[in-house]
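To start, the structure itself, in structure tokens.
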Amino acid sequence: MLKVYKSSARPSEVSSQALGIFVFEGKIEESLKELEGLGKRVKRQAEHEHFTGKKESLLKVTFSEGPTPRVFLAGLGQESKARIDDYRVAAAIVTKAALESYVGELYLYSPKINPPISQAFAEGALLGAYKFDRYKTDGRKEEDKGKIDDLYIINGDDDAIERGVLFACGQNYARDLANEPPNLVNPATLAKAAVDLADDMGLECEIYDEVELERMGMNALLAVGRGSANPPRLIHLTYKPSSRPLKKIALVGKGLTFDSGGLDIKTSENMRTMKGDKTGACVVLGAMRSLVKLNLPMEVHALIGAVENMPSGSSYKPDDIIKTYTGKTIEIDNTDAEGRVTMADVLGFASKLNPSCMVDIATLTGGCAVALGPYRAGIFANDQALCNALLDASSFTGEMLWQLPMDDERLRKRLDSPFADVANSAGRYGSAITAAMFLREFVPEDIPWAHIDIAGVSYYKEPFGYYSSGISGFGTRTILQWLYRLQ
């Protein structure tokens, strides 16, 4: 894995295979003045190529002699409009470019440097270098021409760099696990991954199988998994600090290892990428992996309902009425609205832990993707202070959230059932909102709770910024940043 360090070297003293320099639009000379003679040569090339430092632009300058044969100029756009995420994206762009030629070491330099930028550089480099190709055989992998062993951030902040590495590694862990195919990851193997993670990181771990779930009354989780040959699991990981915890946090992740839609089966087009319906669970596991090393003074519980939604003679059906863990009953209107059914039981279980607050993350509704597009996730909450804290964290991480309302009782009434306490679907209009309202039914009013719908941002077909093709791991760093700020 790429290792990231702080360097105290002056830019003009760097002797390395590659140097990345970050420039604001129209201010190239300001970024190059510390490079002395090398800076003058780079400036001439930039003028020749008409490079001005526009956002996400890149100029590669090569030299046949000298201590630094490759210099990358990365544009940050206008300084007045620059955000922390622009540094993160630019670091990813430089890293990807450096991987196209042999580079043992890569140095990053920005005349403006502080702890947030240091963290963003570390995150961007590690996220940008990520790829999932473990199942390509020799000769078929799109091998990088180069390799980066060590990355140095000039005048960076040590603590912020370490934090950035932890956050990015947590997200890359989530990407790895969520990218795994459904023939290899089912509820039992997802539970095994959680056990391995707990063993590696010193977490407490409990796994409940189908026999225990039936004894506990987890009928909603069991119902969704009834059509599959792979029975469901409830995963419960716990992090406890060495001192008395200041808070108790519950994180809940949707863990559909594959979603065919059940008897209300998806089209072949919509069934593609449904390995990613476990992304919420993988994000929660990725966050748990990293928070251990942050030594946070709070107790954190991760709860995942791992299940596979498949059609068969034993599948749950439209019109079924299910008694959940909390005692509330659900009428099944659509078997493809299964995520909320599984989470009803898991949220109920999490509530019994009496957490200070609870956050769930799920690839829940296509309606959220339609409403917000592929670059922003929806957030719903019964507590505005909790929502604001998560929104602030997302502004820093670049994993942008947008708050959607849950205050229209006319929409809530669409979930009413003549035969049960609540129906699991209310139709297509306002579907992201009614799904969140459904989840709210299983959270006590006195527990601050937020729901993050990542359906539109969990999978990208084409790479961009610091994302590669496949699962994004969106939300991992936002959860970690939020937890870090709770100290």
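Those letters in the sequence shown? Residues 30 to 516, per the numbering used here, in order.
For glycine and all other residues, C-beta sits at the position ideal for the given N, C-alpha and C.
- In or out: residue 77 buried (at least 16 other Cβ within 10 Å) or exposed? Here the question's residue 77 lines up with position 48 in the sequence shown. Result: exposed.
- Query: Hey, would you say the C-beta of residue 316 is under 7 Å away from at least one heavy atom of the ligand GTP?
  - Reply: This structure lacks the ligand GTP, and indeed carries no ligand of any kind.
- Message: Can you confirm whether the stretch 396 to 405 touches the stretch 469 to 476 when touching is taken to mean that 3 or more C-beta pairs between the two stretches lie within less than 8 Å?
- Response: no
- Would a C-beta distance cut-off of 8 Å place residue 189 and residue 261 closer than the cut-off? Within the sequence shown, numbered from 1, the residue matching residue 189 stands at position 160. Within the sequence shown, numbered from 1, the residue matching residue 261 stands at position 232. Not in contact: residue 189 and residue 261 (Cβ atoms no closer than 8 Å).
- Message: I need the DSSP call for residue 62, collapsed to helix, strand or coil.
- Response: Looking up residue 62 in the sequence shown gives position 33. Correct three-state label for residue 62: helix.
- Consult DSSP for residue 233 and reduce its assignment to one of helix, strand or coil. Working through the sequence shown from its first residue, we reach residue 233 at position 204. Strand, per DSSP.
- Query: Roughly how many angstroms lie between the CA atoms of residue 270 and residue 362, to the nearest whole one?
  - Reply: Your numbering for residue 270 matches position 241 in the sequence shown. Your numbering for residue 362 matches position 333 in the sequence shown. Spanning the two alpha carbons is a distance of roughly 43 Å.
- Query: Per DSSP, residue 419 is paired with what?
  - Reply: As a first step, residue 419 is located in the sequence shown; it is residue number 390 there, counting from the start. DSSP, once it has assigned bridges, lists no residue as partnering residue 419.
- Query: What distance in whole Å lies between the Cβ atoms of residue 464 and residue 314, which are believed to be in contact at a cut-off of 8 Å?
  - Reply: In the sequence shown, the residue the question calls residue 314 occupies position 285. In the sequence shown, the residue the question calls residue 464 occupies position 435. The Cβ separation is near 23 Å, so there is no contact.
- Confirm, please, whether the CB-CB distance from residue 97 to residue 549 is below 8 Å. Outside the modelled stretch of the chain, which goes from 30 to 516, sits residue 549, for which no answer is possible.
- Tell me, please, whether the stretch 235 to 253 touches the stretch 319 to 332 by the rule of three or more beta-carbon pairs shorter than 8 Å. no
- Query: Which residues in the same chain have their Cβ closer than 8 Å to the Cβ of residue 514, if we skip the five residues on either side of it in sequence?
  - Reply: By one-based count along the sequence shown, residue 514 stands at place 485. For residue 514, where only same-chain residues beyond five positions count, the Cβ hits under 8 Å are 418, 421, 422.
- Message: Pop quiz: residue 184 and residue 37 are said to be a contact at Cβ under 8 Å. What is the actual Cβ separation, rounded to whole angstroms?
- Response: By 1-based counting over the sequence shown, the position of residue 184 is 155. By 1-based counting over the sequence shown, the position of residue 37 is 8. Residue 184 to residue 37, Cβ: 7 Å. Contact.
- Query: Mind checking whether residue 371 and residue 219 have CB atoms under 8 Å apart?
  - Reply: Here residue 371 refers to the residue found at position 342 of the sequence shown. Here residue 219 refers to the residue found at position 190 of the sequence shown. Taking 8 Å as the Cβ cut-off, residue 371 and residue 219 do not qualify as a contacting pair.
- Take residue 253 as the anchor and find which of 233, 364, 99 has the nearest alpha-carbon. Indexing the sequence shown from 1 puts residue 253 at position 224. Nearest C-alpha to residue 253: 364.
- Please report the Cβ distance between residue 346 and residue 285, rounded to the nearest whole angstrom; I am assuming they are in contact, meaning their Cβ atoms lie under 8 Å. As a first step, residue 346 is located in the sequence shown; it is residue number 317 there, counting from the start. As a first step, residue 285 is located in the sequence shown; it is residue number 256 there, counting from the start. Rounded, the Cβ-Cβ distance is 18 Å, inconsistent with contact.
- Task: Go ahead and pull the three-state DSSP assignment for residue 508.
- Result: Numbered from its first residue, the sequence shown carries residue 508 at position 479. Residue 508: helix per DSSP, three-state reduction.
- Query: Taking Cβ positions, are residue 123 and residue 103 nearer each other than 8 Å?
  - Reply: The sequence position of residue 123 within the sequence shown is 94, counting from 1. The sequence position of residue 103 within the sequence shown is 74, counting from 1. Result yes, Cβ atoms of residue 123 and residue 103 sit closer than 8 Å.
- Proximity to residue 303 [Cα-Cα], best of 130, 391, 430, 112: Stepping through the sequence shown from its first residue, residue 303 is reached at position 274. Checked all of 130, 391, 430, 112; the closest Cα to residue 303 is 391.
- For the stretch 435 to 501, list the alpha helix (DSSP H) runs that are entirely contained and at least 4 residues long, ordered along the chain. 438 to 441, 460 to 469
- Task: Have a look at 176, 289, 230, 153 and flag the residue whose alpha-carbon is nearest the alpha-carbon of residue 115.
- Result: Here residue 115 refers to the residue found at position 86 when the sequence shown is read from its first residue. Nearest C-alpha to residue 115: 153.
- Task: Give the range of the alpha helix (DSSP H) segment to which residue 377 is assigned.
- Result: Locating residue 377 in the sequence shown gives position 348, where the first residue counts as 1. That run of the alpha helix (DSSP H) goes 367 to 380.
- Can you round the beta-carbon distance between residue 127 and residue 177 to whole angstroms, since I take them to be within the 8 Å contact cut? Counting from one through the sequence shown, the residue named residue 127 turns up at place 98. Counting from one through the sequence shown, the residue named residue 177 turns up at place 148. 6 Å between Cβ atoms; contact.
- Item | Entirely enclosed alpha helix (DSSP H) segments - the stretch 224 to 276, minimum 4 residues | 239 to 245, 248 to 253
- Item | Pairwise C-alpha distance: residue 214 and residue 336 | The residue labelled residue 336 in the question sits at position 307 within the sequence shown. The residue labelled residue 214 in the question sits at position 185 within the sequence shown. Cα to Cα, residue 336 sits roughly 11 Å from residue 214.
- Give me the Cα-Cα distance between residue 275 and residue 504, rounded to the nearest whole angstrom. Residue numbering aside, residue 275 sits at position 246 when the sequence shown is read from its first letter. Residue numbering aside, residue 504 sits at position 475 when the sequence shown is read from its first letter. Each residue's alpha carbon lies about 23 Å from the other.
- Item | Separation of residue 255 from residue 406, as counted between CA atoms | For the purposes of this step, residue 406 is taken as residue 377 along the sequence shown, with counting starting at 1. For the purposes of this step, residue 255 is taken as residue 226 along the sequence shown, with counting starting at 1. If I take the Cα positions, the gap works out to 30 Å.
- Query: From which residue to which residue does the beta strand (DSSP E) around residue 99 run?
  - Reply: Residue numbering aside, residue 99 sits at position 70 when the sequence shown is read from its first letter. It spans 99 to 104 - the beta strand (DSSP E) in which residue 99 sits, taken as one unbroken run.
- Item | Residues near residue 492 by beta carbon distance below 6 Å, same chain, minus five either side | Taking the first residue of the sequence shown as position 1, residue 492 is located at position 463. Same-chain partners within the cutoff: 498.
- From which residue to which residue does the alpha helix (DSSP H) around residue 120 run? Here residue 120 corresponds to residue number 91 of the sequence shown, with the count starting at 1. Its alpha helix (DSSP H) spans residues 113 to 127.
- Task: With distances taken Cα to Cα, identify the nearest neighbour of residue 106 among 80, 67, 460.
- Result: Position 77 of the sequence shown, counted from the start, is the residue given in the question as residue 106. For residue 106, the nearest C-alpha among the options comes from 80.
- Please determine, among 307, 258, 320, 308, the residue with the shortest C-alpha to C-alpha distance to residue 342. Within the sequence shown, residue 342 is the residue found at index 313, counting from 1. If we check each option's Cα against that of residue 342, 258 comes out closest.
- Item | Nearest-angstrom Cα separation, counted from residue 479 out to residue 416 | By one-based count along the sequence shown, residue 416 stands at place 387. By one-based count along the sequence shown, residue 479 stands at place 450. Computed Cα separation, rounded: 6 Å.
- Query: What residues in its chain sit with their C-beta under 6 Å from that of residue 510, if we drop five residues either side in the sequence?
  - Reply: Within the sequence shown, the letter at position 481 stands for residue 510. So the qualifying residues of the chain are 422, 425, 426.
- Query: Just curious, the alpha helix (DSSP H) that residue 387 is in, first and last residue?
  - Reply: Numbered from its first residue, the sequence shown carries residue 387 at position 358. Careful: residue 387 lies outside any alpha helix (DSSP H), inside the beta strand (DSSP E) at 386 to 391.
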